[in-house]
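Quick notes on the structure that follows.
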Amino acid sequence: MKVNGRWAYLYRAVDSRGRTVDFYLSSRRNSKAAYRFLGKILNNVKKWQIPRFINTDKAPAYGRALALLKREGRCPSDVEHRQIKYRNNVIECDHGKLKRIIGATLDLNP
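For the record, in the sequence shown the residue sitting at position 94 is 94 according to full-length UniProt numbering, with numbers rising by one throughout.
In structure tokens form, the structure reads like this:
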């Protein structure tokens, strides 16, 4: 998506009910951005909120970022990373609505 005429990538975390937990806009879609986003989320959750699994698309950056977070002890080693396409549908279906909401304030162009 474009924000103020520049390409930006939206990272978004939702809970099991599809509610947005947090988001992160980045100018790049790489391991560093995924690491920042996932680290931010894991730092802000309470111990009882730590997910049992994390669903993502098939971008390899997520796997590298999660592996690094686990090595550093910032992500529990038993958190499962799932890259199954249909499990990511909650986010994919909701992007249109989110773009309309954000677009009004950030001059967003899909």
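Note that beta-carbon positions come from the ideal geometry of N, C-alpha and C, so glycine has one too.
*The beta strand (DSSP E) enclosing residue 31, as first and last residue numbers*: The count along the sequence shown starts at 1 and reaches residue 31 at position 31. Element bounds for residue 31: not the beta strand (DSSP E) but the alpha helix (DSSP H), 31-44.
*Rounded to a whole number of angstroms, what is the C-alpha to C-alpha distance between residue 8 and residue 2?*
Numbered from its first residue, the sequence shown carries residue 8 at position 8. Numbered from its first residue, the sequence shown carries residue 2 at position 2. Their backbone Cα atoms lie some 6 Å apart in a straight line.
*asked:* If I measure Cβ to Cβ from residue 41 and keep anything under 8 Å in the same chain, skipping five residues before and after, which residues do I get?
replied: Working through the sequence shown from its first residue, we reach residue 41 at position 41. Excluding residues within five positions, the ones whose Cβ falls inside 8 Å are 13, 21, 22.
*asked:* Taking the alpha carbon of residue 25 as the reference point, which residue from 70, 34, 15 has its own alpha carbon closest?
replied: The sequence position of residue 25 within the sequence shown is 25, counting from 1. With distances taken between Cα atoms, residue 25 lies closest to 34.
_On the DSSP letters alone, give me the boundaries of the beta strand (DSSP E) that residue 82 sits inside._
Within the sequence shown, numbered from 1, the residue matching residue 82 stands at position 82. Taken as a continuous stretch (DSSP letters only), the beta strand (DSSP E) holding residue 82 covers 80-82.
*Going by C-alpha distance, which of 66, 74, 73, 72 is nearest residue 82?*
In the sequence shown, the residue the question calls residue 82 occupies position 82. The candidate whose alpha carbon is nearest that of residue 82 is 66.
*Report the partner residues of residue 48 according to the DSSP bridge assignment.*
Sequence index remark: in the sequence shown, residue 48 carries index 48 (1-based). In DSSP, residue 48 forms no bridge with anything.
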